[in-house]
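Each residue of the sequence shown is one higher than the one before, starting from 6 at the first, in the numbering used here.
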Amino acid sequence: MQLPLSLVAQRWRDRRPVWRPQREPLDARRYAVERLPGVADARAFVQAHHYSGSYPAAIAAYGMMEQRPNRAAALVGVAVFSVPVQPRAADAYGAGGARFCDLGRFVLLDHVAGNAETWFLRRALAGLARDKTGEAGRPLYSLCLAYSDPIPRLDRAGRLIFAGHYGGIYAASSALYLGRATPRTLWLADDATAISARALSKLRADDTGARYAYESLRRLGAPPIRPGETGAAYVARALRDGPFRPLRHRGNHVYAFPCGATSTRRSMRARLAADLPYPRRTDPLTA
């Protein structure tokens with residue numbers, strides 16, 4: 006059966022893509038959205054199911070909870086707002102000086118109805134505005150940037166691990182489309198895991214977090230560091246000699262969610278002045 010990707014929602018389970026029709030009705034009475042305390046539950050869920058297998062530097066995380074008769078509610082989705090990967094990204098889109106965050110991870114399990122994304126995301130953004138406040142109790146963030154990665158990933162054996170996505174749920178949520186981020190080169194492990202550029206940067210500079218970055222590389226098959234070897238020298242050798250392969254990436258699609266009070270959101274939309282058409286994908290998906 007051939008389904009156009011414009012009519013399906015990409016979900017994840019055990020880091021593998023699963024597809025659902027987008028227009029399925031959602032029985033909202035069965036669900037609630039809650040802020041997840043700490044990071045343990047959110048981290049475990051994201052690492053178990055998101056294709057990246059990694060958890061970002063979180064600011065706040067929200068869970069979509071499914072109510073079950075005579076049992077505790079089950080966590081079926083996680084939205085993670087995170088420290089921006091590019092600290093000056095807002096400047097490039099006309100929002101210089103704005104306090105902003107990234108939608109670092111957004112994951113829903115495959116059994117949840119296909120139109121749940123917009124319902125969940127709207128409530129997670131409302132939770133961020135409510136829970137993260139600054140002076141006089143006003144929302145701390147006036148902008149959230151979300152990125153969709155359209156470049157497919159294959160593992161070393163040629164199996165499709167990640168089909169790529171164009172941000173359909175962001176378009177459906179009326180986000181502003183800002184174009185594409187800067188092209189770059191990704192380094193992929195045998196299982197198609199992309200090595201974090203931030204982790205490599207920390208390791209090159211022997212910065213805080215370098216130990217965790219090193220252990221992550223080792224789990225992906227990198228060689229051990231040599232006595233006296235600098236972080237920069239090690240990264241160069243690990244990428245050269247380890248089981249890693251480069252992938253030239255044209256840049257993620259970038260979306261913007263103005264946040265906060267109505268007047269703040271209106272002002273942010275005017276500042277961004279984005280009027281770009283949403284990207285489209287019409288490739289058939291065999292299901």
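We put the CB at the ideal spot given by N, CA and C, even for glycine.
Just so you know, these numbers come straight off a predicted model, no measurement behind them.
query: Which of helix, strand or coil does DSSP assign to D212?
result: coil
task: Would you list, in sequence order, the uninterrupted alpha helix (DSSP H) runs of no fewer than 4 residues that lie entirely inside the stretch 216-249?
output: 236-246
query: When DSSP builds the beta bridges, which residues end up paired with F262?
result: According to DSSP, F262 bridges with C149.
query: What does DSSP give as the partner residues of P205 in its beta bridges?
result: The sequence given here places Leu at residue 205; Pro does not occur at that position. For L205, which the question treats as bridged, DSSP gives no partner whatsoever.
- request: Determine contact between the stretch 105-125 and the stretch 221-228, defined as no fewer than three beta-carbon pairs at a distance below 8 Å.
  value: no
- prompt: Is the stretch 179-189 close to the stretch 205-219, with three or more CB pairs under 8 Å?
  reply: no
- prompt: Per DSSP, L252 is paired with what?
  reply: According to DSSP, L252 bridges with L191.
- request: Can you give me the Cβ contacts of G99 inside the same chain, cut-off strictly under 7 Å, excluding the 5 residues immediately before and after it?
  value: R276, L277, A278
Under 8 Å between C-beta atoms of A87 and A62: Correcting the residue identity first, residue 87 is Ser in this sequence and not Ala. Yes, these two residues count as a Cβ contact at 8 Å.
task: Return yes when the Cβ of V117 is within less than 8 Å of the Cβ of V83, no when it is not.
output: no
message: Is it buried or exposed, R231, if we count other Cβ atoms within 10 angstroms and call 16 or more buried?
response: exposed
Coil, strand or helix - I156 by DSSP: Note: I156 maps to coil in three-state DSSP.
field: Burial state of S179 (16 or more Cβ within 10 Å)
entry: It is exposed - the Cβ of S179 has fewer than 16 other Cβ atoms within 10 Å.
task: Let me know the secondary structure DSSP gives D136 once reduced to three states.
output: helix
task: Could you please give me the residues that DSSP links to A39 through a beta bridge?
output: Inspection of the sequence shows that residue 39 is occupied by Glu rather than by Ala. Partner(s): G68.
query: Between R285 and L165, what straight-line distance do the alpha-carbon atoms span, to the nearest angstrom?
result: So the alpha carbons of these two residues sit roughly 21 Å apart.
query: What is the DSSP secondary structure of A176, reduced to helix, strand or coil?
result: Helix at A176.
query: In this structure, does DSSP put R161 in helix, strand or coil?
result: coil
Bounding residues of the beta strand (DSSP E) (the contiguous stretch that carries S272): Taken as a continuous stretch (DSSP letters only), S272 belongs to no beta strand (DSSP E), being part of the alpha helix (DSSP H) at 267-277.
field: Distance CB(A103)-CB(S147) smaller than 8 Å
entry: yes
message: With the cut-off set at 8 Å, would you say V85 and A97 are in Cβ contact?
response: No, the pair does not count as a contact, with Cβ atoms beyond the cut-off.
task: Could you please give the first and the last residue of the uninterrupted beta strand (DSSP E) stretch that includes A315?
output: The question about residue 315 has no answer here: the residues shown for the chain are numbered 6 through 292.
- request: For H170, I'd like the list of residues in its chain whose CB is within less than 6 Å of its CB, leaving aside the five on either flank, ordered along the chain.
  value: Q15, S153
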